[in-house]
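Undergrad: This is the structure I have questions about; it appears just below.
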Amino acid sequence: MKKVLMTGFDAFGGEPTNPASRAVERLSGKTINGLEVITKEIPTVFGKAAKAIQDDIERLNPDVVINVGQSGGIHAIRVERLAVNIDDARIKDNEGNQPVDEPIAPEGPLAYWSTLPVKAIVNDLEQSGIPAFVSYTAGTFVCNHVFYATRHYVETRNLPIKVGFIHVPFLPEQVIDKKPYPVPSMSEGTIAQALEVIVETIGNA
């Protein structure tokens, strides 16, 4: 059976939780469209997060790697299409690191495309009643870091593994005290449903 490694970050930036890891965990052990989903929470730490994924690639030999992260303020599932070769952190990660204008892979290309069926994913999410859109920037924090580092790892080793990144909104409980209103959010159940649709779409690709 083919395998999907799906990762979600732990809480960061002063938030008490992270919708990415919570929704990802709900898919643990599921088989969707012939794909076994294996989940992992990764630290919001430059370097360590990428290394955790690389170790699991070596251990599990997955067919697909989907990294999932929180993007506060978005209103829909954001399907990332491009990973860029730069760390430029606006805030510190969970271990106090704050790289500025540093390449992720000094000898690597400027950017990598997602190898997931990005537009098909957005279409299938919308057909399922879940708002979604294609994004051309995963930022320059740890989300983009793991997206680029994982693509680079797979590319330089010529591994037949599809890699992509999905950004998800805040959970409703995260926005209650945020001002000014309204701050967009999405329920954990809807985010988990979206992730299931994404795996289903990949299985059909």
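Position one of the sequence shown corresponds to residue 292 (this note's numbering), numbered consecutively onward.
Ideal Cβ positions, reconstructed from N, Cα and C, are used throughout, including at glycine.
Quantities reported herein were computed from a predicted structural model and do not represent experimental measurements.
1) Where are the beta strand (DSSP E) runs, 3 residues long or more, that stay fully inside the region 411-463, in chain order?
2) Based on the DSSP secondary-structure assignment, which residues constitute the bridge partners of Leu-358?
3) Would you call Gly-299 buried or exposed, if buried means 16 or more other Cβ atoms sit within 10 Å of its Cβ?
4) Taking the straight line between their C-alpha atoms, what separation do you get for Phe-424 and Gly-399?
5) Less than 8 Å between the C-beta atoms of Met-297 and Thr-335, yes or no?
6) Considering only the beta carbon of each residue, do Ile-357 and Ile-489 sit closer than 8 Å?
7) Nearest-angstrom Cα distance between Gln-361 and Ala-311?
8) Do Val-413 and Val-370 have their CB atoms nearer than 8 Å?
9) Would Ile-493 and Val-355 qualify as a contact pair, given that the criterion is a beta-carbon distance under 8 Å?
10) With DSSP as the reference, identify every bridge partner of Ile-489, one or two as the case may be.
11) So what does Ile-329 bridge to, in DSSP terms?
TA: In this structure, then:
1) Taking 3 residues as the minimum length, the beta strand (DSSP E) runs contained wholly in the region 411-463 are 423-426 and 453-459, in order along the chain.
2) Here the sequence assigns Asn to residue 358, which means Leu is not the residue at that position. Secondary-structure assignment with DSSP links Asn-358 through a beta bridge to Thr-298 and Phe-456.
3) Classification of Gly-299: buried, given that the 10 Å Cβ count is 16 or more.
4) Approximately 28 Å between the Cα atoms of the pair.
5) No; because the gap between Cβ atoms is not below 8 Å, this pair is not in contact.
6) Yes, the pair counts as a contact, with Cβ atoms nearer than the cut-off.
7) So the two alpha carbons sit approximately 6 Å from each other.
8) In this structure, Val-370 lies closer than 8 Å to Val-413 by Cβ.
9) In contact: Ile-493 and Val-355 (Cβ atoms closer than 8 Å).
10) DSSP lists no partner for Ile-489.
11) Partner(s): Leu-296.
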